[in-house]
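Student: First, the structure itself, so that you have it in front of you.
There are 2 protein chains.
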Amino acid sequence: MKQGLITDRQKEVLRYRKQGLTQQQIADLIHTSKANICTIEKAALENIRKAKDTLEFLYTLDATHIYTIRGGTDVLDAVSNIFAEAEKVHIKVRYDTISLVNRMRESVPERIRGRFVREKIDVYITDEGELYFG
Amino acid sequence: MKQGLITDRQKEVLRYRKQGLTQQQIADLIHTSKANICTIEKAALENIRKAKDTLEFLYTLDATHIYTIRGGTDVLDAVSNIFAEAEKVHIKVRYDTISLVNRMRESVPERIRGRFVREKIDVYITDEGELYFG
DNA sequence: TGAAATTTAAACACTTTTCTTTAACATGCG
DNA sequence: CGCATGTTAAAGAAAAGTGTTTAAATTTCA
Chain A
45 MKQGLITDRQ
55 KEVLRYRKQG
65 LTQQQIADLI
75 HTSKANICTI
85 EKAALENIRK
95 AKDTLEFLYT
105 LDATHIYTIR
115 GGTDVLDAVS
125 NIFAEAEKVH
135 IKVRYDTISL
145 VNRMRESVPE
155 RIRGRFVREK
165 IDVYITDEGE
175 LYFG
Chain B
45 MKQGLITDRQ
55 KEVLRYRKQG
65 LTQQQIADLI
75 HTSKANICTI
85 EKAALENIRK
95 AKDTLEFLYT
105 LDATHIYTIR
115 GGTDVLDAVS
125 NIFAEAEKVH
135 IKVRYDTISL
145 VNRMRESVPE
155 RIRGRFVREK
165 IDVYITDEGE
175 LYFG
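As they're listed, the protein sequences go chains A and B.
The first sequence runs 45 to 178 under this note's numbering.
The second sequence runs 45 to 178 under this note's numbering.
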């Protein structure tokens, strides 16, 4: 109850991995199969991803405005629209076009292919001009 | 699977809460009891705590040295010992006594009472002189 | 003090996660 | 090729988490 997401077993594996041991070596050390080590390691990484995702969500709570980019939109158009949307409510976005495109690509890479948005993206806009994608 | 820790129900409650609604008001809105809203809200906050805890753990993975403070130790002695331990391995801790005490109190408040450490604290020391408590 | 707001506890059904085994598949390397 | 490394899939048992209700306790504050 008082712990984080990573189980003791997962911590054990991550520590050994950090030391450079192979999955087989760890399997021998803690008396189980290498397939099991693989599973545990992947579960650990998934938990870390979830933790990051969760804290990202906190930021979206601060958003006072939400704008949705439709699938199929050209990335540069999407960015223009975000600027326009923010301007409507007198918010100055803290990014220029280039860095905004970069942030989007980094934040939701699976939803952008080439120049186009594949799937809808919700843009959370805070009064401070900060942006989060979800 | 692709989501974070916070469930849709929990997000719903957190958003309404952020808007300033009472638990009773939310209960009426989504047709359930106020006790249930309380439970869901607390679960959400617990999940956020876990997420933070999880990412904190990542830092401990970078630690090359671990020093354990025993329960019953005077806080100032504990800090002296940490400095001494770091010095042994030629690491310069990035905090002075005062700020180190503050960090400890903030990081593991439940394990410090007044001037004394109630329960053992593991101190993770990185080569960069950064410290984490767990 | 009294009413509203919040918290806690216990119990239940349900879903998800975790760890595990076994067996097969993929990849890179000497 | 044979070998080491890592990944994937399926299946099962145990553990943990979620949303819910009902009822009681506690806190807050006008």
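Beta carbons: idealized from backbone N, C-alpha and C, even for Gly.
Indicate whether at least one CB of chain A lies closer than 8 angstroms to the CB of ALA95/B.
Tutor: The residue you call residue 95/B lines up with position 51 of the second sequence. Cβ-Cβ to chain A under 8 angstroms: yes for ALA95/B.
Student: Evaluate LEU58/B with the Cβ neighbour count: other Cβ atoms within 10 Å of its Cβ, from every protein chain shown; 16 or more gives buried, anything less gives exposed.
Tutor: Position 14 of the second sequence, counting from 1, holds the residue named residue 58/B. That one is buried.
Student: Report the three-state DSSP secondary structure of LEU175/B (helix, strand or coil).
Tutor: Indexing the second sequence from 1 puts residue 175/B at position 131. Three-state result, LEU175/B: strand.
Student: Could you check the C-alpha separation between ASN146/A and LEU120/A for me, to the nearest Å?
Tutor: If you number the first sequence from 1, residue 146/A lands on position 102. If you number the first sequence from 1, residue 120/A lands on position 76. Going from the Cα of ASN146/A to the Cα of LEU120/A covers about 11 angstroms.
Student: At what residues does the alpha helix (DSSP H) containing THR98/B begin and finish?
Tutor: Your numbering for residue 98/B matches position 54 in the second sequence. Here the alpha helix (DSSP H) through THR98/B covers 78–105.
Student: Can you check which of these residues, SER124/B, GLY158/B, ARG159/B, is closest to VAL167/B by C-alpha distance?
Tutor: To locate residue 167/B, count along the second sequence from 1; it is residue 123. Among SER124/B, GLY158/B, ARG159/B, the Cα nearest to that of VAL167/B is on SER124/B.
Student: Could you tell me which chain B residues have their CB closer than 8 angstroms to the CB of PHE101/A, listed as they occur along the chain?
Tutor: One-based indexing of the first sequence puts residue 101/A at position 57. Correct list: GLY48, ILE50, LYS55.
Student: Determine, for LYS86/B, whether the minimum Cβ-Cβ distance to residues of chain A falls below 8 angstroms.
Tutor: Along the second sequence, one-based indexing puts residue 86/B at 42. Chain A, which has no Cβ nearer than 8 angstroms to the Cβ of LYS86/B, makes this no.
Student: Taking 8 angstroms as the threshold (beta carbon to beta carbon), is ARG59/A in contact with chain B?
Tutor: If you number the first sequence from 1, residue 59/A lands on position 15. By this cut-off, ARG59/A is an interface position.
Student: THR112/A and PHE160/A: beta carbons closer than 8 angstroms?
Tutor: Translated into the one-based positions of the first sequence, residue 112/A becomes position 68. Translated into the one-based positions of the first sequence, residue 160/A becomes position 116. No, they are not a contact pair.
Student: Going by beta carbon distance, what residues of the same chain come within less than 8 angstroms of ARG138/B, once the five residues before and after it are set aside?
Tutor: Within the second sequence, the letter at position 94 stands for residue 138/B. Within the same chain, ARG138/B has close Cβ partners GLU172, GLY173, GLU174, LEU175.
Student: Name, please, each residue of chain A whose Cβ falls closer than 8 angstroms to the Cβ of LEU105/B.
Tutor: Mapped onto the second sequence, residue 105/B falls at position 61. Here the neighbours are LEU58, ARG59, LYS62.
Student: Given a cut-off of 8 angstroms on the beta-carbon distance, is the pair ALA71/B and ILE81/B in contact?
Tutor: By 1-based counting over the second sequence, the position of residue 71/B is 27. By 1-based counting over the second sequence, the position of residue 81/B is 37. Yes, the Cβ-Cβ distance between ALA71/B and ILE81/B is below 8 angstroms.
Student: So THR192/B is in the beta strand (DSSP E); what residue range does that whole segment cover?
Tutor: Past the boundaries of the shown model lies residue 192/B; chain B is included only from 45 to 178, so the question cannot be answered.
Student: What are the residues that DSSP puts in a beta bridge with PHE127/B?
Tutor: Indexing the second sequence from 1 puts residue 127/B at position 83. Paired residue(s): none; PHE127/B is not in a bridge.
Student: Could you spell out where the alpha helix (DSSP H) holding VAL145/B opens and where it closes?
Tutor: Here residue 145/B refers to the residue found at position 101 when the second sequence is read from its first residue. It spans 141–151 - the alpha helix (DSSP H) in which VAL145/B sits, taken as one unbroken run.
Student: For a test of the three-state rule: what should DSSP assign to VAL133/B, helix, strand or coil?
Tutor: Along the second sequence, read from residue 1 onward, the residue named residue 133/B stands at position 89. In this structure, VAL133/B counts as coil in the three-state DSSP scheme.
Student: For ILE206/B, which residues of its own chain have a beta-carbon under 8 angstroms away from its beta-carbon, when the five flanking residues on both sides are left out?
Tutor: Within the shown structure, residues of chain B are numbered from 45 to 178, placing residue 206/B beyond reach of any answer.
Student: With GLU163/A and GLY115/A assumed to form a contact (beta carbons below 8 angstroms), what rounded beta-carbon distance in angstroms separates them?
Tutor: Counted from its first residue, the first sequence places residue 163/A at position 119. Counted from its first residue, the first sequence places residue 115/A at position 71. Yes, GLU163/A and GLY115/A are in contact; Cβ-Cβ is about 5 angstroms, under 8 angstroms.
Student: Suppose you measure from the CA of THR170/B to the CA of HIS134/B; what does that come to, to the nearest Å?
Tutor: For the purposes of this step, residue 170/B is taken as residue 126 along the second sequence, with counting starting at 1. For the purposes of this step, residue 134/B is taken as residue 90 along the second sequence, with counting starting at 1. Answer to the nearest angstrom: the Cα atoms are 11 angstroms apart.
Student: For the candidate residues GLU100/B, ARG155/B, THR108/B, LEU99/B, whose alpha-carbon lies nearest to that of GLU129/B?
Tutor: Taking the second sequence and counting its residues from 1, the one referred to as residue 129/B is at position 85. Closest by alpha carbon: THR108/B.
Student: Compare the Cα-Cα distances from GLY64/B to each of LEU105/A, ALA79/A, GLU100/A and report the closest residue.
Tutor: The count along the second sequence starts at 1 and reaches residue 64/B at position 20. For the residues LEU105/A, ALA79/A, GLU100/A, the minimum Cα distance to GLY64/B belongs to LEU105/A.
Student: Which whole-angstrom value describes the C-beta separation of ALA87/B and GLN47/B, a residue pair presumed to lie in contact below a C-beta threshold of 8 angstroms?
Tutor: Mapped onto the second sequence, residue 87/B falls at position 43. Mapped onto the second sequence, residue 47/B falls at position 3. Contact doesn't hold; Cβ gap of about 15 angstroms is too wide.
Student: Do we get a CB-CB distance below 8 angstroms when we pair ILE92/A with the residues of chain B?
Tutor: Taking the first residue of the first sequence as 1, we reach residue 92/A at position 48. Answer yes: the Cβ-Cβ gap between ILE92/A and chain B drops below 8 angstroms somewhere.
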